[in-house]
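Going by this note's numbering, the first residue of the sequence shown is number 59, and it counts up by one from there.
All C-beta atoms, glycine included, are put in the ideal place defined by N, C-alpha and C.
Encoded as structure tokens, the structure appears first; notes follow it.
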Amino acid sequence: MQKNDKYCPKSYKNLNNKRRAASIRALFDTMADHLQQSSPLLQEILNSLSNSVDQPQSSVSELTSFLDSVLDAALSDPDNEDAETNAFLALTEVHNFISSPSLDQAIIDSISFELPMAVSKFGGVSERCLEVAESIIDGFISLCSPRDMLSILCEALAPPIETIRDSGYVAPLLNGLSKVFLSLQRRHFEQVKVAVPIIVKVLKARSLELEDEDPEFKTLFDRAMSVANSIRAVCVKLEGGANDKLVHYLALVSMNHKVSSSQPFVLQLSSFFPFCGLTYLGVVTGSVVDIISRTVGEDEDDYMSNLSDVKHGASLSVIWGHASDEVVRAAEEDLASVRDELKNNQTKRWQAVGMLKHILAPVTLPWELKKHAINFLLCVTDGNIPHYDEHDDFSSYMSSIFATLQILADIPTSQRFDILKALITKSDSSSMIAILLDIVKGEMHKESRHSLGNDEVLQAEYKSHPHTVLWTPNVLALVEMILRPPEGDLHPFLRIVLSALNLYRFVLITESTGKTNYTGAVSRSNLQRAYNEWLLPLRTVVTAITAENKNDCDISLDAFCILNPIELVLYRCIELVEDQLKQHSA
Numbered sequence: 059m060q061k062n063d064k065y066c067p068k069s070y071k072n073l074n075n076k077r078r079a080a081s082i083r084a085l086f087d088t089m090a091d092h093l094q095q096s097s098p099l100l101q102e103i104l105n106s107l108s109n110s111v112d113q114p115q116s117s118v119s120e121l122t123s124f125l126d127s128v129l130d131a132a133l134s135d136p137d138n139e140d141a142e143t144n145a146f147l148a149l150t151e152v153h154n155f156i157s158s159p160s161l162d163q164a165i166i167d168s169i170s171f172e173l174p175m176a177v178s179k180f181g182g183v184s185e186r187c188l189e190v191a192e193s194i195i196d197g198f199i200s201l202c203s204p205r206d207m208l209s210i211l212c213e214a215l216a217p218p219i220e221t222i223r224d225s226g227y228v229a230p231l232l233n234g235l236s237k238v239f240l241s242l243q244r245r246h247f248e249q250v251k252v253a254v255p256i257i258v259k260v261l262k263a264r265s266l267e268l269e270d271e272d273p274e275f276k277t278l279f280d281r282a283m284s285v286a287n288s289i290r291a292v293c294v295k296l297e298g299g300a301n302d303k304l305v306h307y308l309a310l311v312s313m314n315h316k317v318s319s320s321q322p323f324v325l326q327l328s329s330f331f332p333f334c335g336l337t338y339l340g341v342v343t344g345s346v347v348d349i350i351s352r353t354v355g356e357d358e359d360d361y362m363s364n365l366s367d368v369k370h371g372a373s374l375s376v377i378w379g380h381a382s383d384e385v386v387r388a389a390e391e392d393l394a395s396v397r398d399e400l401k402n403n404q405t406k407r408w409q410a411v412g413m414l415k416h417i418l419a420p421v422t423l424p425w426e427l428k429k430h431a432i433n434f435l436l437c438v439t440d441g442n443i444p445h446y447d448e449h450d451d452f453s454s455y456m457s458s459i460f461a462t463l464q465i466l467a468d469i470p471t472s473q474r475f476d477i478l479k480a481l482i483t484k485s486d487s488s489s490m491i492a493i494l495l496d497i498v499k500g501e502m503h504k505e506s507r508h509s510l511g512n513d514e515v516l517q518a519e520y521k522s523h524p525h526t527v528l529w530t531p532n533v534l535a536l537v538e539m540i541l542r543p544p545e546g547d548l549h550p551f552l553r554i555v556l557s558a559l560n561l562y563r564f565v566l567i568t569e570s571t572g573k574t575n576y577t578g579a580v581s582r583s584n585l586q587r588a589y590n591e592w593l594l595p596l597r598t599v600v601t602a603i604t605a606e607n608k609n610d611c612d613i614s615l616d617a618f619c620i621l622n623p624i625e626l627v628l629y630r631c632i633e634l635v636e637d638q639l640k641q642h643s644a
């Protein structure tokens, strides 16, 4: 966004709102001589428009066409100061025109349908053009019906021409909506309900193309915050059910996912949490999100289509609190108590796992935030977590759990094994550990398949990323952690042992067949250690358990069905190791 201060005092941007408005007014007054000389055609169009009370439409079309030509000249050559100055002068003259006390209200009403969109396009030309465009829209808001202006601005925010929806174009319209909300006299909830989905959709579209450090992002952020502050101001004035619903709309804005992807934005929006009755515990488990979504999204396709974005933003708001003490203070939350509650309540912990999939899934989200999400999960699964009855029914959370596990495929390969290992070591569920071990084996199989495949794309991918991440000695360390017989009863670990044995067998077969040793599994020292310290002691334990329970009716059918495959895989691993040791001796 080019800035031209030829006609602006140097201290212009540092003025407060009232002084700034006075400065703009004084600046407009001093431009009169320049305007009369610089745009005679514009003067002619405006004079014609002021005299066409009965049929002003043709003059309005001429005005918008003229402004488009001035805009094209400014945008086609951003370094041309004269073109920027002409754009600024044209906007200034339009502002003076609509501010004239002698202008007929019918003329103002007629041009209010076209001019907001036309002048908003100038927001991307320069800072001062943005300021004048916003002043023109403010003028229409003060002179026209707020309800009409709400419809006009919402329509302008969703034009059929996608190319004009840049941040400079959007900013004046968002600023106008923040003023319109404050000007509404009645039916606030119904009016805001129409505008908020459009605002959220535009913010999402524009934010995807901007970096946090981009000046245009800050401009967009400031205008979006003005909208949120206006909604809060309206909430303060209202009472009863309408106010409650409006507060929920503000909560949805506060938890929008692109709004929650930038720390400065999150820091300010977190201050809305206490006002909206949002808590970290309710947000991270999804319970508050579901209640709010049901309240404001009844039979509304716009809200249902944005529901995943809201859950994404809700999860991010808590993770930002985990990453930043400033955000926690702004939300007036005690994150330590939230983590403790999740540690001690398995139901809520699984709900949180299901919500955090909305952070792990998007490929556009910075990896740094995903690492904070993983760290948060590790925090709530660390320590003395109480065990629950095996018969407790958690089937309602399984879809969320498996969706979260599937997201591991989107995590960069270089971090994937570390995350899997962390999840395995921190989990208190034998079934979950078994699933995670199977995922490790599946990822390793995928890499080996790529290396042997005939597909050119797979071959190219393998050459650029060979067996360097998953096929390492770290896999043996993971297997050893499980296959060394634990002290005490083996029954709780049967599923884990079976998965670990399957993983070790797969590694041995793949390495020996391919005549490789990425993991070190087929080196003489590792084979001897596995044979003497893992497999033979495990065979002793499994044989003893099988013998003791051969005639025991109390042994569960589930345990008995697992012991048989454990024996089969265990003896196969012993055979493979013995064969490899013979080759080393030959």
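Item	Value
Inside the region 323 to 408 only - alpha helix (DSSP H) runs reaching at least 4 residues	330 to 334, 338 to 343, 345 to 354, 359 to 363, 365 to 381, 383 to 389, 393 to 402
Cutoff 7 Å; reference Asp-357; Cβ partners in own chain excluding five residues on either side	Because the pLDDT of Asp-357 is 43, which lies under 50, any placement of that residue in the model is unreliable, and the question is left without a value.
Three-state secondary structure assigned by DSSP to Ser-117	helix
Closer than 9 Å to chain B by CB, Leu-308	In the structure shown, chain B does not exist; there is a single protein chain.
Same chain only: Cβ atoms within 7 Å of Arg-630, ignoring 5 sequence neighbours per side	Arg-563
N- and C-terminal bounds of the alpha helix (DSSP H) containing Trp-529	No alpha helix (DSSP H) holds Trp-529; DSSP gives it neither H nor E.
Endpoints, alpha helix (DSSP H) assigned at Gln-586	582 to 587
Test item: CB-CB of Ala-389 and Ser-373 under 9 Å	no
Beta-carbon proximity check, Leu-566 vs Val-627, cutoff 9 Å	no
Residue burial classification, Pro-174 (beta-carbon count within 10 angstroms, cutoff 16)	buried
Inter-residue spacing [alpha-carbon to alpha-carbon] between Leu-418 and Ile-497	17 Å
C-beta contact flag for Gly-197 and Ile-156 at 9 Å	yes
Rounded separation between Leu-133 and Ala-141 - CA only	8 Å
Member of Gly-234, Ser-284, Val-228 whose CA lies at the smallest distance from the CA of Ala-263	Val-228
Where Asn-433 falls, given that 16 or more other Cβ within 10 Å makes a residue buried	exposed
4-residue-minimum alpha helix (DSSP H) runs that sit fully inside the region 190 to 221, ordered along the chain	204 to 215
CB of Val-342 within 9 Å of CB of Ala-394, strictly	no
C-alpha distance - Ser-382 paired with Leu-327, whole-angstrom precision	14 Å
Nearest-angstrom beta carbon gap, Ser-200 and Ala-191 [assumed within contact, 8 Å]	Contact flag wrong, Cβ pair sits at about 15 Å.
Pro-136 beta carbon near the ligand PLP (any heavy atom closer than 8 Å)	In the structure shown, the ligand PLP is absent, as is every other ligand, since no ligand is present at all.
Whether Val-305 touches Leu-235 by CB criterion (9 Å)	no
Within 9 Å, strictly: CB atoms of Leu-435 and Leu-414	yes
Distance, Pro-322 Cα to Gln-249 Cα	28 Å
Enclosing alpha helix (DSSP H) for Asp-137 [first to last residue]	Careful: Asp-137 lies outside any alpha helix (DSSP H) and carries neither H nor E.
Buried versus exposed call for Trp-425 [16 or more other C-beta atoms within 10 Å across all chains shown]	exposed
Candidates Pro-204, Phe-247, Phe-180, Ser-345: closest to Gly-412 by CA position	Ser-345
For Ser-97, the three-state DSSP class (helix, strand or coil)	coil
Buried or exposed by the 16-neighbour rule on C-beta atoms within 10 Å, applied to Ala-176	buried
For Thr-577, three-class secondary structure by DSSP	coil
Rounded distance between the beta-carbons of Ile-482 and Leu-536, thought under 8 Å	7 Å
Within 9 Å, strictly: CB atoms of Val-438 and Arg-397	yes
Ala-518, buried or exposed, once every other Cβ within 10 Å from all chains shown has been counted against 16	Caution is warranted here: a pLDDT of 47 is assigned to Ala-518, below 50, making its placement in the model unreliable, and no coordinate value can be reported.
Rounded separation between Thr-405 and Asn-532 - CA only	32 Å
Where the alpha helix (DSSP H) containing Leu-427 begins and where it ends	425 to 438
Residue from Ala-492, Gln-586, Val-292 with nearest C-alpha to Phe-247	Val-292
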